[in-house]
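Worksheet: the structure to be examined is printed underneath.
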Amino acid sequence: MEIIVRGFREEDIPAMTRIWNEVVEDGIAFPQEESLTEETGAAFFTGQSHCGVAAEVSSGEIMGLYILHPNNVGRCGHICNTSYAVASASRGNGIGGKLVRDSLDKARSLGFRIMQFNAVVASNTYARRLYEGLGFVQLGVIPKGFRMKDGTYQDICPYYIEL
């Protein structure tokens, strides 16, 4: 199986919306609670600075995605934020790493100087190992900063990397 990461196309939006909603519905990683429709998904994805998708070359199947956008405005507009989603059936195949590496390159090409993750859930050990392995630095811990789907609270760990 050969996976490439490329910019999204309009025809990718249904798959992107499905994958995004899967992560939202899991309730353990994204802060969003509302699912996207195909219409709100189209507006959401086209409103980002960039969206990348991980696609299987021979079938074209979308297996994951990322969104990239400014983390703030004005004097902090050089800092970007990115979120990643991999379809549950595709996890464990290195797709997350491909998405993160591609987003770092894209952020640099768009002129961002720092990438910051505001709320990595502490129990998301796969993501945290990946980020740290790529040189991201943990800024600290926000105790009980994330409300899980089951109503319990988990710590969140902000991360950053200079681009």
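First residue of the sequence shown? That's 1 in the UniProt record's numbering, and the numbers climb one at a time after it.
We put the CB at the ideal spot given by N, CA and C, even for glycine.
Here the structure is a predicted model, which means the values were calculated and not measured.
For the beta strand (DSSP E) that contains residue i, what are its first and last residues?
i, result
"Leu68", "Ile62 to Pro70"
"Phe117", "Ile114 to Val121"
"Ala107", "Looking at the DSSP string, Ala107 is not in any beta strand (DSSP E); the run it does join, the alpha helix (DSSP H), is Ile95 to Ser109."
"Thr82", "Ile79 to Val86"
"Phe45", "No beta strand (DSSP E) contains Phe45, which is instead part of the alpha helix (DSSP H) from Glu38 to Thr46."
"Gly133", "Gly133 -> not in any beta strand (DSSP E); alpha helix (DSSP H) instead, spanning Thr125 to Gly133."
"Val5", "Ile3 to Gly7"
"Gln154", "Tyr153 to Glu162"
"Phe146", "Ile142 to Arg147"
Taking Cβ positions, are residue i and residue j nearer each other than 7 Å?
i, j, result
"His69", "Gln48", "yes"
"Val120", "Cys80", "no"
"Tyr131", "Tyr159", "yes"
"Leu163", "Arg113", "yes"
"Gly135", "Ile161", "yes"
"Ile3", "Glu56", "yes"
"Ser35", "Val24", "yes"
"Trp20", "Ala89", "no"
"Asp155", "Ala122", "yes"
"Asn124", "Ala29", "yes"
Can you grab the Cα-Cα spacing for the pair residue i / residue j, in whole Å?
i, j, result
"Phe117", "Tyr153", "18 Å"
"Ser103", "Gly145", "25 Å"
"Gly97", "Gly74", "30 Å"
"Lys106", "His50", "8 Å"
"Ile13", "Leu65", "10 Å"
"Met148", "Ile67", "22 Å"
"Ala43", "Gly92", "29 Å"
"Arg108", "Cys76", "15 Å"
"Gly27", "Glu33", "8 Å"
"Val5", "Ile142", "32 Å"
"Met115", "Glu39", "28 Å"
"Glu11", "Ser59", "14 Å"
"Thr37", "Arg128", "29 Å"
Alpha helix (DSSP H) containing residue i: first to last residue?
i, result
"Val53", "Not the alpha helix (DSSP H): Val53 falls in the beta strand (DSSP E), residues His50 to Glu56."
"Pro14", "Ile13 to Asp26"
Please check the pair residue i and residue j, which I expect to be a contact at CB under 8 Å, by giving their CB distance rounded to whole angstroms.
i, j, result
"Phe45", "Met63", "Actually they are not in contact, since the Cβ atoms of Phe45 and Met63 sit about 16 Å apart, beyond 8 Å."
"residue 165", "Gly52", "Since the first and last residues shown for the chain are 1 and 163, residue 165 lies out of range."
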